[in-house]
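A short write-up of the structure that comes next.
2 protein chains.
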Amino acid sequence: MKNDVAERCDVVVVGGSAAGVTAAITVRRHYPSKKVLLIRKEEKVPIPCGIPYIFGTLGSPEKNLIPDALLETNKIDFRIATVTSIDRAAKTVSTTAGSVGYDRLILATGSSPIRPRIPGVDLEGVFPIEKDVACLHQLQDDLGHAKHIVIIGGGFIGIEFADEINKAGDKKITVVEMAPRCLSLAYDDEFCVDMEELLKSRGIEIRTSSLVEEIEGNGRVRCVRLRGGSKIDADLVILGIGSKANVELGRDAGLRVGDSGGLSVDRTMRTSDPSIFACGDCTEKISFFGGRPSYLKLASIAELEARIAGANLFGIRRESDGTLGVWCTAVGPLALGTAGLTEVAAKELGYQVVCASVEGPNRHPGTMPGAAPTKLKLVFEVHSNVLIGGQIRGGDSVGEMTNIVAACIQKRMTVEDIATFQMGTHPALTASPIAYHIVNAAEIASQSLICAEHART
Amino acid sequence: MKNDVAERCDVVVVGGSAAGVTAAITVRRHYPSKKVLLIRKEEKVPIPCGIPYIFGTLGSPEKNLIPDALLETNKIDFRIATVTSIDRAAKTVSTTAGSVGYDRLILATGSSPIRPRIPGVDLEGVFPIEKDVACLHQLQDDLGHAKHIVIIGGGFIGIEFADEINKAGDKKITVVEMAPRCLSLAYDDEFCVDMEELLKSRGIEIRTSSLVEEIEGNGRVRCVRLRGGSKIDADLVILGIGSKANVELGRDAGLRVGDSGGLSVDRTMRTSDPSIFACGDCTEKISFFGGRPSYLKLASIAELEARIAGANLFGIRRESDGTLGVWCTAVGPLALGTAGLTEVAAKELGYQVVCASVEGPNRHPGTMPGAAPTKLKLVFEVHSNVLIGGQIRGGDSVGEMTNIVAACIQKRMTVEDIATFQMGTHPALTASPIAYHIVNAAEIASQSLICAEHART
């Protein structure tokens, strides 16, 4: 039936968010002569990580879009349509706007928010966070009238939403988190507490160790009932408890799906069909630490996978080492960053660790403009002395400091590598060279590692 | 004569600035039971990199001091005295406050500003930048009355001084630079131009390709005469043309001095006497690139050397790979960072290079608060594909972005390592994952490297 296909492309990319766009750009860069078509279902595509900021800082969904100019300047054709099926034998995709043939296909179909199986989750006024402009407008409209807002989930989406909505000033906001601490999957307790305290100081209520048993209401949500019976008034509920891979298109075409629910890919981002690659939230991720499936879904991981998939389409040249897990969150003046494993997670995985923390300003002297108290914690594995995790709490510097830690972990730097790291410093831009956090934490850990090694032998 | 020495210490450190303090702290960390004495000649020690900011942002030399608390909390004894000689056979130092015996000696005697051999350089009103509180007070007092200020040297000290003094608002400031561009030892032209334009827009005059032939005056400076005859009015002149290693103490004791003028040290920071180590501005540095002597003198290099020296005193465990050259400068909203080689410097050294530049905001979307246009340029070596340099122009993020580049260079990361670097991103803290500068520049360079390789074969 190949001949029925009106149009053939060298490469078809399905999905127009972070992974799809970057995959397409990467193909264009590595294979300049190939004809690339990106098909996406959305008219406009929100920047995923910017979504919470629509409701406070930015002001509207239209101020948080991935610009189509990115595709245009990279000479990538794109079409707005839904891909309904893949014919792997014929190498075609069917879409709501006709069929397209491909030589290589990249699936970047993303993820959808999880709707937990709680009674009342389908009531009016209960919002999962859809990466869709119309849905975001609907949420924004509803927020305009809401006074009592409950956010289920105290991960980064939950707390960023809480603070941004809180900027309107006339609302009572409660974050409900199942675990004993907000953000505890990515941060050790001492960092989680700082964020919880900041949110509380801004008038946001935090209910940790709290399980939602029912969302109550009659047509529209009225309150949220917790295990134990207590109720929280709510005229709007936001679900911030994670997302699941969109694998239907691939699975229906017979592609293998992994145990964690994402499309199976090897380290080159190839699916079980050698002509089909996948990247982003729709794939199963493997951890950098130990190689088991990882449930992390982050734009930065999606990008990495897109760069691997796009480069490998017509000849393998890149492999993934697995996901490190590097991300930051920010609420007002407080930013938190994490890379790799927390102390708690490392111990749970069976690593024997030594940690070191350093606290001090990110400028020198500490009276320079922009100075923010900054705390860094590094986690080293005892036998290899290799860095396996880092967390940072501070101001604006946290974002790029986290990426320095990420580079060190990714290149498996040892405590000595980091203690003798050649950093640059400047009074107006960084901590002092004497007190530079990452280097000092390594120096302190270095002593503990020697002691740990002596104790072992 | 050993018995005449009243006091013996395990370790004596000479010098109380960045290198000396860090060396002493490092000894304390690695050898907790050793008796450490730091001897310095200054009552109070300025933070070296903060000195320009005394004259604008900070307001007085006392607001820019290395706190003695650093020594106290690390249980390091210190004494204010001048070390006048070393008796290597007896292992003692003579000071203006008596003699002290040592088992290991660390020299961190720093550097002194170069006074160029220009007629008139000794006139009243001509100031080298001494790291000395009394001298800085004298300069501050004189600046209070000065209207026409000429700064000789357009390196980072020159331009930072120019802008800070300019904040007083009632002065005419001229920077005179011998080279065709300010900052050209550390930045390629396109970055230098941005800084020159910013300084000009703030009312500072920049005279490049200009050689000072004479500082004219009668007792006190009156003007600066350039080659070609033009004169610039000056009632105060600041010399910002670099510094020379303080090697007298070591040389007089028979320690070897290198061709570049610093104390010779091996990669473990040991001098030609195995009981004497040296670190900081007083040592001869070797470049990370090719291993020849390097004339760089930076606090961050001093720190690295101090950490190596301090750790190695009683057993070698660290070696220097040579100096990378990582540093930043900032004038108002504009910051520049550099790590490793510029394109020009790399070519001069004989490297065949491919460069890639990327420009975009350091937030996403670019309308987020704190967003600053940010440009990054990476320099790769063609045959190995290894990163050998990077330069950044932007806002506050420049400091830590430069250190990410530094980590990549130091671990000899290839273009592929960097293109698949797992960075974390956040709307309020970093560029978007799609446009993340370092990764994108590597991707772009990757294509050029393939072409360069094809052209070569």
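As given, the protein sequences belong to chains A and B, one line each in that order.
Residue 1 is where the first sequence starts when you use the numbering used here, and the numbers rise one by one after that.
Residue 458 is where the second sequence starts when you use the numbering used here, and the numbers rise one by one after that.
Ideal Cβ placement from N, Cα and C applies to all residues, glycine included.
Taking B/Phe613 as the centre and dropping the five residues before and after it, the same chain places the C-beta of Thr786 closer than 6 Å to its C-beta, in chain order. Classified as buried, B/Thr740 has 16 or more neighbouring CB atoms from the shown chains inside 10 Å of its CB. Per DSSP, the continuous beta strand (DSSP E) segment holding A/Asn218 begins and ends at 212-218. Of all residues in the segment 845-859 of chain B, only Asp853, Ser854, Val855, Gly856, Glu857, Met858, Thr859 come within less than 7 Å of chain A when Cβ atoms are compared, listed by chain position. Under the DSSP assignment, B/Cys865 falls in the alpha helix (DSSP H) whose first and last residues are 855-867. Counting C-beta pairs closer than 8 Å gives three or more between the segment 462-482 of chain B and the segment 561-568 of chain B, which meets the contact rule. Under DSSP, B/Thr795 shares a beta bridge with B/Trp784, B/Gln848. Spatial neighbours of A/Glu124 in its own chain (CB-CB distance under 8 Å, excluding positions within 5 residues in sequence) are listed in chain order as Gly217, Gly219, Arg220, Val221. Contact between A/Leu324 and A/Phe288 holds, with the beta-carbon distance rounding to 5 Å and staying under 8 Å. As the crow flies, the alpha-carbon of B/Arg536 is around 12 Å from that of B/Lys501. Nearest CB-CB separation between B/Arg497 and chain A: not below the 8 Å threshold. Around the beta-carbon of B/Thr530, fewer than 16 other beta-carbon atoms lie within 10 Å, marking it exposed.
In this structure, B/Thr859 and B/Val783 form a Cβ contact; the two beta carbons are roughly 6 Å apart against a cut-off of 8 Å. Between B/Ala902 and B/Val855, the C-beta gap is not smaller than 8 Å, which leaves the two residues out of contact.
Taking 8 Å as the threshold, the shortest C-beta distance from A/Asn312 to chain B does not fall below it.
The C-beta of B/Thr740 comes no closer than 8 Å to any C-beta of chain A.
Chain A has a Cβ within less than 8 Å of the Cβ of B/Thr887. Burial is judged here by how many other beta carbons sit within 10 angstroms of a residue's own beta carbon; B/Glu760 has at least 16 and is buried. For A/Val193, there are no CB contacts under 6 Å within the same chain when 5 residues up- and downstream are skipped. By a beta-carbon distance limit of 8 Å, B/Glu776 contacts B/Thr725. Their separation comes to about 6 Å. DSSP, reduced to helix, strand and coil, places B/Thr740 within a strand of the structure shown. With respect to A/Thr338, A/Gln410 sits apart: the two C-beta atoms are not nearer than 8 Å. Close to chain A, meaning a Cβ-Cβ distance shorter than 8 Å, is no residue of the segment 653-680 of chain B at all. Neighbourhood of A/Phe421 in chain B, by CB distance below 9 Å: Leu761, Asn860, Ala863, Ala864, Gln867, in chain order. At a C-beta separation below 9 Å, A/Tyr53 has these neighbours in chain B: Pro822, Met825, Pro884, Ala885.
Distances from the CA of A/Ala245 to each of A/Ser275, A/Cys279, A/Pro61, A/Asp87 were compared; the closest alpha carbon is that of A/Cys279. Taking all protein chains shown into account, B/Lys688 has fewer than 16 neighbouring C-beta atoms within 10 Å of its C-beta and is therefore exposed. Listed in chain order, the positions of the segment 276-300 of chain A with a beta carbon within less than 9 Å of a beta carbon of chain B are Phe288, Leu298, Ala299, Ser300. At a cut-off of 8 Å between beta-carbon atoms, A/Arg307 makes contact with chain B. Neighbourhood of A/Asn385 in chain B, by CB distance below 7 Å: empty, with the nearest CB roughly 12 Å away. Secondary-structure assignment with DSSP links A/Ile80 through a beta bridge to A/Arg40.
Within the same chain, Cβ atoms closer than 6 Å to the Cβ of B/Met880 are found at Tyr893, the five residues on either side in sequence being excluded. When rounded, the separation of the alpha-carbon atoms in A/Glu453 and A/Leu341 is 21 Å.
Taking the Cβ atoms as the reference, A/Ala23 lies roughly 5 Å from A/Val13, within the contact range of under 8 Å. If you draw a 10 Å sphere on the C-beta of A/Arg40, you find 16 or more other C-beta atoms in it, and that means buried. Counting along the chain, A/Ile118 sits inside no beta strand (DSSP E), nor does DSSP assign it H or E at all.
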